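Everything on this sheet refers to the single structure shown next.
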Amino acid sequence: MAGLWLTSCARPGTATAPPIDWLKQVQPFVNRAAPAYTPPLPTPQPFPTNAPSCQAGQLRAVGVPDGVGAGNYRYEVDFTNASQVPCQLSGTPQVQGLDPSGRLVTLPLTVGTYFLDPIPADIAPGESGYLNIGMFNAGSCPDAPAPVTYSKLRFGLPGGGWISTDISVTRACGGLTISGLGKEPGPVVEPSPNPGSIETLAVSLEGFPQQARTATTVHFVVVLANPSQVAVRLSPCSSYTEIINPYEPISRSLYLNCDHVTVIPPGARVRYAMELEVPQRLPHQAALVAAKWSWRLNVPYPAAGIGGVLTVQS
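Just so we're aligned, residue 22 is where the sequence shown starts under this note's numbering, counting upward by one.
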């Protein structure tokens with residue numbers, strides 16, 4: 022006998038079950054904790070910073086009082102390049118001034134103001150940059166120490182030297198703030214997601230209720246659709262973050278269920294069962310609230326997500 026072939030036959034009346042097409046199924050919810058995720062903040066395009074740091078002898082300074090917001094006052098100090106070569110405005114200068122008794126003192130400044138602060142930049146001859154000095158409204162803090170005015174400010178530049186001015190500022194509510202030197206940031210340009218990345222997926226919902234009771238679980242479906250012409254791989258498995266804020270923000274990060282679907286083909290969509298835990302109400306909290314909620318994939322900015330308002334009642 023040249024060989025032996027073994028075959029198996031199904032018994033009469035039985036049939037082999039067809040394979041499950043998981044792309045057409047709702048992926049079951051899985052409670053797999055993922056690391057907490059904080060999306061990166063979008064940043065403006067940086068300016069060139071190739072020139073040497075500006076020195077005091079290269080600049081002219083002038084004060085421009087400007088801007089009020091939420092009890093904050095902005096004093097802009099403009100620095101113009103009066104030399105024949107470019108120089109770089111960056112870093113935070115030292116600031117001194119005359120106190121009410123006429124003594125030269127170093128101003129107590131906190132770095133970072135309420136307003137749009139400049140970013141480092143080269144400035145060409147004749148071009149200007151600036152810094153912000155932030156002051157507070159004395160009427161906002163009646164129990165704070167009495168306001169103190171500092172006059173004849175002078176600025177010690179990171180690149181060397183001091184620039185004297187006739188600028189005066191007032192320290193009220195116990196504080197003064199300052200920015201670094203530079204130019205006004207340009208607009209933030211949202212990055213375009215790479216083809217095939219999870220950021221290209223569109224997020225939608227199915228079955229999310231309008232109301233829920235405290236200490237219950239909201240069941241709904243998240244749909245991830247791939248509108249592109251490139252397959253999106255879910256490997257490694259992606260995570261997401263849910264946030265609900267009935268009384269205070271509560272968040273948790275979990276992994277998607279990638280047990281069955283690891284690739285979302287072009288034009289396809291996958292549905293995922295989700296659970297959102299509504300917290301218990303504390304005795305001092307309102308019995309009926311409009312709770313903001315959100316669901317988003319844990320991906321770099323811009324994040325794919327969705328959100329809304331859920332009426333929560335006891």
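Ideal placement from N, C-alpha and C gives every residue a C-beta, glycine not left out. Quick caveat, the model's predicted, so the values are computed rather than measured.
Starting from residue i, follow its DSSP beta bridges and name the residues at the other end.
i      : result
GLY155 : ARG95, THR198
GLY326 : ARG317
LYS204 : ILE140
ASN102 : LEU80
SER335 : DSSP lists no partner for SER335.
PHE176 : VAL116, ILE184
GLN109 : SER74, ASP143
LEU275 : ALA54, TYR261
VAL284 : ARG254
LEU303 : Paired residue(s): none; LEU303 is not in a bridge.
THR170 : THR191
GLN232 : THR332
I'd like to check one pair, residue j with residue i: are the Cβ atoms closer than 8 Å?
i      : j      : result
GLN109 : GLY182 : no
PHE100 : TYR151 : yes
LEU137 : GLU205 : yes
PHE68  : ALA142 : yes
PRO230 : ALA193 : no
TYR58  : LEU128 : no
LEU174 : GLY118 : yes
SER74  : GLY180 : yes
ASP331 : ILE184 : For clarity, residue 331 is Leu in the given sequence; the question names Asp instead. For LEU331 and ILE184, no; Cβs fall outside 8 Å.
LEU297 : VAL242 : no
SER259 : LEU318 : yes
VAL299 : ALA246 : no
Mapping DSSP to helix, strand and coil, what is residue i?
i      : result
GLY48  : The sequence given here has Gln at residue 48, not Gly. Three-state DSSP puts GLN48 in a strand.
ALA252 : coil
GLY78  : helix
THR221 : helix
ILE41  : coil
MET295 : strand
SER213 : coil
PHE241 : strand
Between the Cα of residue i and those of the options, spot the shortest distance and give me the residue it belongs to.
i      : options                        : result
SER200 : PRO230, LYS173, ILE154, GLN232 : ILE154
ASP120 : VAL190, THR70, GLY328          : VAL190
GLY147 : VAL106, PHE157, ARG124, LEU44  : VAL106
LEU202 : GLU298, ASP280, SER315, SER149 : SER149
ARG53  : TYR261, ILE285, PRO321         : TYR261
TRP43  : GLY329, VAL282, SER335         : VAL282
ALA236 : PHE157, GLN301, ASP164, GLN46  : GLN301
PRO304 : SER249, PRO321, GLN334         : GLN334
GLN46  : ASP280, VAL320, GLY326, SER315 : ASP280
GLY328 : PRO286, ASN266, PRO321         : ASN266
VAL284 : LYS313, TYR268, VAL251, ASN93  : VAL251
VAL209 : ASN93, GLY84, ALA72, GLN66     : GLN66
ASN71  : VAL244, ILE144, SER315         : ILE144
Are any of the Cβ atoms in chain C nearer than 8 Å to that of residue i?
i      : result
ASP120 : Annotation note: the requested chain C is absent from the structure, which comprises a single protein chain.
Inset, instruction - Evaluate contact between the segment 58-73 and the segment 282-300, counting only Cβ atoms and requiring at least three cross-stretch pairs below 8 Å. - result: Cβ pair count under 8 Å is below three, so no.
Legend entry - At least 3 beta-carbon pairs within less than 8 Å: the segment 98-115 vs the segment 211-218: Under the Cβ criterion (8 Å, minimum of three pairs), the segment 98-115 does not count as touching the segment 211-218.
Legend entry - Contact between the segment 217-231 and the segment 274-283 (3+ Cβ pairs under 8 Å): They do not touch, by the three-pair rule.
Legend entry - Given 8 Å, three or more beta-carbon pairs between the segment 308-315 and the segment 250-261: Put simply, the segment 308-315 does not touch the segment 250-261. Fewer than three CB pairs are less than 8 Å apart.
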